[in-house]
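Q: Residue numbers (this note's numbering), protein chains in the order written: chain A, 12 to 364; chain B, 16 to 496. Where is the CB? At the ideal position from N, CA and C, for every residue including glycine. The structure under discussion is supplied below as structure tokens; questions concerning it will follow.
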Ligand SMILES: Cc1ncc(C[n+]2csc(CCOP(=O)(O)OP(=O)(O)O)c2C)c(N)n1
Ligand SMILES: [Mg+2]
């Protein structure tokens, strides 16, 4: 454990600078300046490179089980979490690596969890789908589709209960949007004006099932209508649009007006998980999105066009990100397995006497 | 003339206080009029007249305490003849007109109650096939059940468990038009684990149905369709996700036959992979055997090899009861011999002795059978001959076969992939202790998953699961070797 702690301390520099954007004096939420754009670029690139490396480690047998990559969807976690305030909470499903990085968790502890090692954020017990960080306000990492939605709503209940002005960002997929518990949550959230922002990551597919084949109403932002929850469709491939929508939604929730639904139109480039060959869609469909809507390319063009960064500046960011990811991978590869004695720890807490 | 009786406010109430009369002798009352108030320490209730007439006499004065339920408290004159009254009140009870909060204070409520009970109908067809119950009423010696003979000359075809399950569904769908499959990714994707491969092509969208990710909903739809007489096969992508739907499996599927007094049958199969999968951590790696085997009204099957998977799934689909059919992801790709016959159907409720031996009885089901057999090989090298019993069906459990074996070996080790406490092994040990205590030469042992949620780390996961090594060790312990 000593190792884990030092590792975490010494590698603070590697964390995405997500929190910097929230410091006072910066442009207000929703507004974005040059520094924000550069930071979005860096944070999205970090997630992309991290995920590519995770895929590689999976192929090498260092990561096992299910591993769901976030490639293609980076703008959502980065854009939404850029308005996260200290004390706000984040919760999502199993496709969670990007959110954790965007929340400011150390890439080392995330990667080491992927390899099931002692320095992982869950000491190797949770793996890809189950990571948490109270420090970063990240409440998991849940494997049961839709299960996180009432949990996130409950985090919001606690915020309202404590009158602390915090918001619970609750992410789920287009497939999850059909689970009954989502609607039970919606009803209570609006009924009790809970400060929760529901972020639906509509990447068009739930495993091999396209949204058209699973949903009678495919405009998911309308799904709160019968509960009177406002909803908005957002281009989830445009980090600035995401940021602005999130700022508005969070302000709504934070001011006591209750929940807000953001439907992020996005796309996942890889299969559902590492073992999915994704034969249910064409190569052309994927290529088309990558070519025309890629969130990182899109932002890169804007940075160059608006003169915020030249080639050299972007290359420097690339190099920095590559280094962080290489370091995380090496750390995750060499971190030891948990000791056998850990098998029986963390099942219960000792009750206070 | 009718007596108005002291009503009960609850099934447990025996007496109460007559708090107040709202009528006096000579008053005319009509049904629905409040005539009195009664009280217990828990509640107060108004007593309504159920018949028309004149209050001829008040038999219990206001303020009287400890009035026994069913004591006449007033007498009503006039109204219709007694027999008519009896029918009237019964009609009301049946149409629900009599408010539940105000039981009818009319004559002979006891007689009415008895009529409301179980009709003297013949027991439902399903209750006659005595083998399903675990309760004392319905246990039939499983030894009367027998696997069919493999016809002489029948070819044995190497088949994966995956394909055997597929073949079972295809054959039953060909045979019975009411059989259909629904679940996540079962159609176009051909099954998340490819168990429903090519079923969509053969049977079309009407009978192979892709559902949204809404387990609670589609399990309920499956039960409803079964109530209407169809024979759904509800696939859960894994049984971990059936927890979303367990309410319908237990509250709707398992109990309805009983609740309806035998009227509503629910022939549905809930199937999918159960148990540990590799490196998928606590929420995706769990054995639900004992959860379902606990429930009366369900049959629970957990086969090991391909022939059993096929023969028992066919039996499950034909069975008139709800069946939970627990498969195993790690077995899907394993090949076994399956006899090539027209109709390979195996009896539900019959265990199979997979290896004979006299030194110790090993019980196991699903993937654990393979481990038990491997352990038996290893033990044979050390001079201990283990008898390996594949339970195949967990409910009804074939304890006859187990008892017979234990009476021969005098030692028992149970193996299961799930947690030990309150588990399958616990049940087996209990039955052996009840019925064969005197034959035991050593306290039975249970091998099972360690008592923790499934960890992700490779080394911890391996430590957590049952293993050949753990089985061998347990056997040596009961054999005092
Ligand atoms: C209750 C439940 N049912 C099924 C699954 C299996 N499963 C895991 S992810 C998934 C698809 C979910 O799709 P979506 O909500 O769109 O999220 P995405 O994977 O696209 O991020 C399914 C069916 C599960 N984990 N939990
Ligand atoms: Mg999706």
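Along the alpha helix (DSSP H) that carries residue 345 of chain A, what are the first and last residues, could you check?
A: Taken as a continuous stretch (DSSP letters only), the alpha helix (DSSP H) holding residue 345 of chain A covers 322-345.
Q: Looking at C-beta atoms only, is the number of pairs between the region 85-93 of chain A and the region 239-257 of chain A that lie closer than 8 Å three or more?
A: Taking 8 Å as the limit for Cβ pairs, the verdict is that the region 239-257 of chain A does touch the region 85-93 of chain A.
Q: At a Cβ cut of 8 Å, what residues of the region 189-208 of chain B count as close to chain A, listed as they run along the chain?
A: If the cut-off is 8 Å between Cβ atoms, the region 189-208 of chain B has 199, 200, 203, 204 and 207 near chain A.
Q: Do we get a CB-CB distance below 8 Å when we pair residue 299 of chain B with the residues of chain C?
A: Although the question refers to chain C, the structure presented lacks it and instead comprises the protein chains A and B.
Q: How would you list, in chain order, the residues of chain B whose beta-carbon sits under 8 Å from the beta-carbon of residue 354 of chain A?
A: Those within 8 Å of residue 354 of chain A in chain B are 465, 467, 470, 475, 478 and 479.
Q: Cβ closer than 9 Å: which chain B residues qualify as neighbours of residue 154 of chain A?
A: Correct list: 255, 295, 296, 297, 298 and 299.
Q: Under three-state DSSP, which class holds residue 405 of chain B?
A: Reduced to three states, the DSSP call for residue 405 of chain B is strand.
Q: For residue 411 of chain B, does the count of other Cβ atoms within 10 angstroms reach 16, so buried, or fall short, so exposed?
A: Answer is buried; the Cβ neighbour count reaches 16.
Q: DSSP puts residue 429 of chain B in a beta bridge; with which residues?
A: Per DSSP, B:378 and B:461.
Q: For residue 175 of chain A, would you say it is in contact with chain B, using Cβ-to-Cβ distances shorter than 8 Å as the test?
A: It does not; no Cβ of chain B falls within 8 Å.
Q: Is residue 330 of chain B near residue 354 of chain B, with beta carbons less than 8 Å apart?
A: It is not a contact, given that the beta carbons lie outside the stated cut-off.
Q: Ignore the nearest five residues each way along the sequence and tell me which others in residue 241 of chain A's own chain have a CB closer than 6 Å to its CB.
A: Cβ within range, chain order: 271.
Q: Run the CB neighbour count on residue 45 of chain B, radius 10 Å, all protein chains shown included, and call it buried at 16 or more, exposed below.
A: Residue 45 of chain B is exposed by the Cβ-count criterion.
Q: Can you tell me whether residue 217 of chain B is buried or exposed? The criterion is at least 16 other CB atoms within 10 Å of its CB, across all chains shown.
A: Exposed is the call here.
Q: Let me check you understand the geometry: is the CB of residue 117 of chain A closer than 7 Å to at least one non-hydrogen atom of ligand 1?
A: For ligand 1, not one heavy atom lies less than 7 Å from the Cβ of residue 117 of chain A.
Q: Can the beta-carbon of residue 471 of chain B be found closer than 8 Å to that of residue 138 of chain A?
A: For residue 471 of chain B and residue 138 of chain A, yes; Cβs fall inside 8 Å.
Q: Indicate, with yes or no, if ligand 1 has a heavy atom lying under 7 Å from the CB of residue 216 of chain A.
A: True, at least one ligand heavy atom lies under 7 Å from that Cβ.
Q: Hey, would you say residue 47 of chain B sits closer than 8 Å to residue 70 of chain B, going by beta carbons?
A: The answer is no: Cβ separation not under 8 Å.
Q: Check each residue of the region 283-309 of chain A: if its Cβ is closer than 8 Å to any Cβ of chain B, include it; give the result in chain order.
A: Those would be 291, in chain order.
Q: If we ignore side chains and look at the alpha-carbon of each, how far apart do residue 362 of chain B and residue 160 of chain B end up?
A: Taking the straight line from one Cα to the other gives about 6 Å.
Q: Note down the Cα distance separating residue 176 of chain B from residue 224 of chain A, rounded to an integer number of angstroms.
A: Each residue's alpha carbon lies about 29 Å from the other.
Q: At 4 residues or longer, and completely inside the region 51-87 of chain B: list those alpha helix (DSSP H) runs for me, N to C.
A: Complete alpha helix (DSSP H) runs here, min 4: none at all.
Q: I want to know whether the region 343-350 of chain B touches the region 391-406 of chain B - three or more CB-CB distances under 8 Å.
A: Segments in contact, no.
Q: Per DSSP, what kind of secondary structure is residue 198 of chain A in: helix, strand or coil?
A: It is helical.
Q: State yes or no: is the C-beta of residue 400 of chain B within less than 8 Å of the C-beta of residue 377 of chain B?
A: Taking 8 Å as the Cβ cut-off, residue 400 of chain B and residue 377 of chain B do not qualify as a contacting pair.
Q: Leaving out five residues on either side along the sequence, give the residues of the same chain with a beta carbon under 6 Å from the beta carbon of residue 274 of chain A.
A: Closer than 6 Å at Cβ, skipping near neighbours: 211, 213, 231, 232 and 244.
Q: DSSP three-state call for residue 359 of chain B: helix, strand or coil?
A: Here residue 359 of chain B sits in coil by DSSP.
Q: Just the chain A side, please: which residues come within less than 7 Å of residue 231 of chain B by C-beta, in chain order?
A: Going along chain A in sequence order, the residues near residue 231 of chain B (Cβ under 7 Å) are 191.
Q: To the nearest angstrom, how far is it from the Cα of residue 426 of chain B to the Cα of residue 479 of chain B?
A: So the two alpha carbons sit approximately 25 Å from each other.
Q: Which residues bound the alpha helix (DSSP H) around residue 256 of chain A?
A: Element bounds for residue 256 of chain A: 250-263.
Q: Comparing the C-beta of residue 225 of chain B with each C-beta of chain A, is any distance below 8 Å?
A: Closer than 8 Å: yes.
Q: For the putative contact between residue 129 of chain A and residue 347 of chain A, defined by C-beta atoms under 8 Å, what is the C-beta separation to the nearest angstrom?
A: Indeed, because the Cβ distance is near 5 Å, the residues count as touching under 8 Å.
Q: Do you know whose CA, among B:67, B:380 and B:208, lies nearest residue 180 of chain B's CA?
A: Minimum Cα distance to residue 180 of chain B is reached at B:208.
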